[in-house]
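Residue numbers (full-length UniProt numbering): 1 to 132.
Just so it is clear, CB atoms sit at the ideal spot from N, CA and C, and this is done for glycine as well.
This one's a predicted model, so the numbers in the text were calculated from it and none came from an experiment.
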């Protein structure tokens with residue numbers, strides 16, 4: 001089993017792929033791609049070796065970011081994105097739709113699991129509205 005880490009992108013340990021802030025993982029036709037946006041629109045890409053076994057994708061936390069996950073229509077493709085802001089999330093989703101040539105079937109956005117840790121109710125409401 002391959003164990004690997006690429007600083008600023010991901011860590012892979014015992015079948016768990018942990019993506020870092022701003023990284024999106026896409027499983028497409030049994031190939032795992034990792035994408036990151038730079039300079040508002042430049043999409044950087046890493047392909048994991050074909051023999052890599054990934055059973056789970058996660059991140060170490062997203063207090064200021066959000067977890068965006070979903071699947072695509074008419075395929076078994078799925079993605080996990082540790083989104084750092086709404087602008088990059090929009091660019092990333094548009095690129096994923098273009099790469100898969102299909103629409104998004106399901107989309108989930110998960111904010112900080114403990115939002116009251118560092119925020120008040122108004123800040124939380126504003127943040128939810130921003131990502132809606």
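- Message: Let me confirm a value: residue 140 is counted as buried when at least 16 other C-beta atoms fall within 10 Å, else exposed. Which label applies?
- Response: Look at the range of the chain in this structure, 1 to 132, and you will see that residue 140 is not part of it.
- In chain order, which continuous runs of the beta strand (DSSP E) of length 3 or greater are located wholly inside the region 25–91? 31–38, 42–47, 56–58, 66–72 and 78–83
- Message: I'd like to check one pair, residue 55 with residue 16: are the Cβ atoms closer than 8 Å?
- Response: yes
- Item | Exposed unless 16 or more other CB atoms sit within 10 angstroms - verdict on residue 2 | Here the model assigns residue 2 a pLDDT of 48, short of 50, so the residue's position is not dependable, and the following value carries that caveat. When all chains shown are included, residue 2 counts as exposed.
- Message: For residue 16, list the residues DSSP reports as bridge partners.
- Response: 13 and 56
- Query: Is residue 29 buried or exposed, if buried means 16 or more other CB atoms sit within 10 Å of its CB?
  - Reply: exposed
- Query: With distances taken from CA atoms, which of 22, 98, 14 and 8 is nearest residue 89?
  - Reply: 22
- Task: Below 8 Å CB to CB, which residues in the same chain sit around residue 50 once its five sequence neighbours on both sides are set aside?
- Result: 30 and 31
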